[in-house]
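*Asks:* Would you mind keeping the following structure in view while I ask a few things?
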Amino acid sequence: MRGALPAMTARTERPESPPGVTKRANPLFSSVGMPDAELVVRARAGDAGALRDLVERYYDACWRYAYRMLGDRADAEDAAQETFLRALAALATYEERSQFREWLFTILVNQCRNALVSRSRRERRFVSSDEFPVQEHGLRAAEPPAMADDELAQAVARLEPEQREALLLRFGEGMDYAQMSLATGASQSALKMRVKRGCDRLRGMLARIDR
Amino acid sequence: MRRDTHVPQESGDDVVTGDAMMLRQWYLDAHPLPAARESAIDRLVLTRAMAKPGAASPTRLRTLWAATASLAACILAAVALSSRMSSPPAPLPSAALSYARLVAFEVHLPSRSVHHVALAGDFNGWDPHAMPMHREGASDVWKIAIALPPGRHVYSFVVDGTEWVIDPLAPRAERDDLGPANVIAVSGAGD
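Protein chains in written order, with my numbering: chain F, -2 to 208; chain X, 2 to 192.
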């Protein structure tokens, strides 16, 4: 409980113009340059401004990975939002010695895998089981989704999900294999193989298109 | 250029940089729609900020959207408020920057050697350490935004863990049983 408040010893004054209100996206708070770990600490303490900036900082990256992985804007939005909801709910368990981005992507990668499995189940109700090959890990080969109408997008969409996942993290997000291993739970050697095979397969598909 | 040269060449850890850059550029060309992005972020922050500690695992937001429709009014109010705040001619009381139940507090402590400022009030048991405020760059302004339930809340600022100060421009609590304090009334989402 609070003790007796002393008489105010310093006059508090308002600034002429409240700082931090010019940033349209977040008029309440400005955290440019603030490390992720500090934002996390503030968000944990109930600072909604820090919470918002943390989401702002990584929303686009999460959405982009989900979109390139799932090939559908609505699914990407769902995956990104579910990822953040889970991450924010589990913020207390986040260990500051680990990188927030990799920790977040661990959740995101799993959300996208779950979305692919859900999509596979939905499609199974309508499509003959012989029409698409089943992958070793139980996921169907991704049906070419309605992503950007270019050949590279369609070729990437035809990759096995694990290969697409590895290529997007490696070349899209620029992760090294150690970071990819944290995000996916796969070994670095397995990831290198997925990237190599994904590149080979992609090259083959694009070469066929060229001919 | 042949199209197959767009594909990165992996050999161990080595990547042909030009090809990797092309794949990366394609990857980065995807962007969420701005309106959907802002809406999604607003919903995430409001949903999380109002969640009680230990709340159940969240549900999919696509279905949660209907349940949070009432929050749209809060968001619209926030947008209107932020546009008004873009050119504020007059100072506002510290608790006036409110997003319905998302409330921003700030205090200006000029010409002082201050290392730590916290917000304390009846909403956190007057704990002088529970809600540390963030210093706005190198300025003398300290800020924090928190979620508050509707109702009347009494608060004060704690400087360097020992000195309790109030904002003289914000409404003052009528009863000073425990010393001077400010007061804020938070309206409900439907008010």
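C-beta atoms are modelled at their ideal positions from N, C-alpha and C, and glycine is treated no differently.
Using a Cβ-Cβ distance under 8 Å, would F/I78 count as near chain X?
*Replies:* First, the residue type needs correcting, since residue 78 of chain F is Gln and not Ile in the sequence shown. By this cut-off, F/Q78 is an interface position.
*Asks:* Just the Cα atoms here: how many angstroms apart are X/A160 and X/H117?
*Replies:* Here residue 160 of chain X is Val; the residue named in the question, Ala, does not match the sequence. Between the alpha carbons of X/V160 and X/H117 lies a distance of about 6 Å.
*Asks:* What residues from the region 47 to 75 of chain F come within 9 Å of chain X, judged by C-beta to C-beta, listed N to C?
*Replies:* A47, L48, R49, V52, E53, Y56, D57, W60, R61, Y62, Y64, R65, R70, A71, A73, E74, D75
*Asks:* Please check if any C-beta of chain X sits within less than 8 Å of the C-beta of F/R116.
*Replies:* no
*Asks:* Is there a C-beta anywhere in chain X that falls below 8 Å from the one on F/R39?
*Replies:* So yes, F/R39 belongs to the interface.
*Asks:* Around the Cβ of F/A71, are there at least 16 other Cβ atoms within 10 angstroms (buried) or fewer (exposed)?
*Replies:* Taking all protein chains shown into account, F/A71 has fewer than 16 neighbouring C-beta atoms within 10 Å of its C-beta and is therefore exposed.
*Asks:* Give the residues from the region 161 to 181 of chain F that approach chain X closer than 9 Å (Cβ to any Cβ), ordered along the chain.
*Replies:* L164, L165, R167, F168, G169, E170, G171, D173, Y174
*Asks:* Tell me where the beta strand (DSSP E) around X/I120 begins and ends.
*Replies:* The residue you asked about is not Ile; residue 120 of chain X is Leu in the sequence shown. Counting along the chain, the beta strand (DSSP E) containing X/L120 begins and ends at 118 to 122.
*Asks:* Kindly list the residues whose CB is nearer than 8 Å to the CB of X/M132, restricted to its own chain and excluding five residues on each side of it in sequence; keep chain order.
*Replies:* A119, L120, A121, N125, I145, I147
*Asks:* Just the C-alpha distance for F/A154 and F/A58, rounded to the nearest angstrom, thanks.
*Replies:* 18 Å
*Asks:* Using a Cβ-Cβ distance cut-off of 8 Å, determine whether X/A139 contacts chain F.
*Replies:* Contact of X/A139 with chain F is not assigned, every C-beta pair being separated by 8 Å or more.
*Asks:* Could you name the residues of chain X that F/F81 contacts, counting a contact when the two beta carbons are closer than 7 Å?
*Replies:* L45
*Asks:* Straight-line CA distance for F/A112 to F/L67?
*Replies:* 8 Å
*Asks:* Compute the distance between the beta-carbons of X/A41 and F/E99, then report whether it is under 8 Å.
*Replies:* no
*Asks:* Excluding five sequence neighbours on each side, which residues of the same chain lie with their C-beta closer than 6 Å to the C-beta of X/L45?
*Replies:* none
*Asks:* For chain F, find out if any of its Cβ atoms is closer than 8 Å to the Cβ of X/I42; answer yes or no.
*Replies:* yes
*Asks:* What residues are listed by DSSP as bridge partners for X/I185?
*Replies:* Note: X/I185 is bridge-paired with X/H154 in the DSSP secondary-structure output.
*Asks:* Kindly indicate the opening and closing residues of the alpha helix (DSSP H) around F/F168.
*Replies:* From DSSP, F/F168 is part of no alpha helix (DSSP H); its letter is neither H nor E.
*Asks:* What does a CB cutoff of less than 6 Å around X/L110 pick up in its chain, not counting 5 residues either side in sequence?
*Replies:* D141
*Asks:* Buried or exposed: F/R191, going by 16 or more other Cβ atoms within 10 Å of its Cβ?
*Replies:* buried
*Asks:* Using C-beta distances below 7 Å, list every residue in its chain close to X/T129, excluding the 5 sequence neighbours before and after it, in chain order.
*Replies:* Note that residue 129 of chain X is Pro in the sequence shown here, rather than Thr. Around X/P129: A119, A121, V159, G162.
*Asks:* Find the residues of chain F that neighbour X/P133, judging by a C-beta separation of less than 9 Å, and give them in chain order.
*Replies:* V38, R39, A42, D44
*Asks:* Could you tell me whether the Cβ of X/P150 comes closer than 8 Å to any Cβ of chain F?
*Replies:* no
*Asks:* So which of X/R153, X/A182, X/S157 has the shortest CA-CA distance to X/S188?
*Replies:* X/R153
*Asks:* In chain order, which alpha helix (DSSP H) runs of at least 4 residues are fully inside the region 46 to 103 of chain F?
*Replies:* 70 to 86
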